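Numbering (the working numbering), first residue to last: 3 to 224.
Think of the CB as a built atom: it goes at the ideal place given N, C-alpha and C, for glycine as much as any other residue.
Because the structure is a prediction, the values reported are computed rather than measured.
In structure tokens, the structure reads:
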């Protein structure tokens with residue numbers, strides 16, 4: 003059997019090994035999210051407990067009114083949960099979504115209406131409370147500049163549409179940064195993408211009628 007390898011093969015193997023070592027080192031150092039639990043605390047207040055395998059970092063958070071939601075970034079945290087989506091019952095806090103990126107995990111709480119929230123790290127848990135009685139603390143938090151996903155503000159560079167080989171509609175969004183966190187929601191018959199701390203050039207803000215492509219997609223609003 004010929005054991006010689008071409009230079010290209012050696013480079014490929016070396017690249018794979020380095021990639022695996024990098025992944026292992028990042029995973030070994032990261033704090034892992036292990037469990038999510040919630041309880042109703044009276045009124046519209048919901049208490050959420052996130053449990054980790056180590057002490058989690060203090061979250062960097064912000065809230066937006068439309069659609070109403072709270073987002074928390076946990077630097078250096080990976081998710082060990084089987085599901086990204088968790089129902090929070092029938093209160094104002096409707097559901098919780100977990101999005102994992104290269105260097106952080108983002109926790110997104112979808113709300114019926116925007117209310118205040120508070121967070122507290124206790125040992126290996128992060129306690130998150132959401133409710134109207136927390137509006138005062140939420141105002142004091144929101145008065146400070148929120149920590150963006152990227153240090154520099156990100157941009158949407160272009161939006162395009164294509165028809166796939168099986169008749170599906172493909173919305174192509176060119177972003178200035180590869181690790182921009184994207185929140186996806188389905189609202190009625192619409193799919194809504196939200197990219198916090200990301201700007202769109204005025205020339206791209208428009209409504210695109212794509213019915214001529216004969217796909218399930220009819221309109222794209224930017």
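Beta bridge counterpart(s) of residue 197 as assigned by DSSP: Along the chain shown, one-based indexing puts residue 197 at 195. Beta-bridge pairing links residue 197 to no other residue.
Check the C-beta distance from residue 80 over to residue 43 and give it rounded, since I have them as a contact under 8 Å. The sequence position of residue 80 within the chain shown is 78, counting from 1. The sequence position of residue 43 within the chain shown is 41, counting from 1. So it is not a contact: roughly 29 Å between Cβ atoms.
By DSSP, does residue 172 sit in helix, in strand, or in coil? Taking the first residue of the chain shown as 1, we reach residue 172 at position 170. It is a strand residue.
Spatial neighbours of residue 223 in its chain, beta-carbon cut-off 7 Å, leaving aside the 5 residues before and after: What you label residue 223 is simply residue 221 of the chain shown in a count that begins at 1. Sequence-distant partners of residue 223 (beyond 5 residues in either direction) whose C-beta falls short of 7 Å from its own C-beta, in its chain, are 209.
Can you tell which of 169, 87, 131 and 66 has the C-alpha that lies nearest to the C-alpha of residue 49? Counting from 1 along the chain shown, the entry for residue 49 is found at position 47. Ranking 169, 87, 131 and 66 by Cα distance to residue 49 puts 131 first.
Assess contact between the segment 107–114 and the segment 67–77, defined as three or more Cβ pairs (one per stretch) separated by less than 8 Å. Is contact present? Enough Cβ pairs lie closer than 8 Å, so yes.
Is there contact between the segment 166–178 and the segment 199–218, where contact requires at least three CB pairs shorter than 8 Å? Taking 8 Å as the limit for Cβ pairs, the verdict is that the segment 199–218 does touch the segment 166–178.
Which same chain residues end up closer than 8 Å to residue 202 when comparing Cβ atoms and leaving out the 5 residues on each side of it in sequence? Numbered from its first residue, the chain shown carries residue 202 at position 200. Cβ within range, chain order: 157, 158 and 224.
If I measure Cβ to Cβ from residue 89 and keep anything under 7 Å in the same chain, skipping five residues before and after, which residues do I get? For the purposes of this step, residue 89 is taken as residue 87 along the chain shown, with counting starting at 1. 97.
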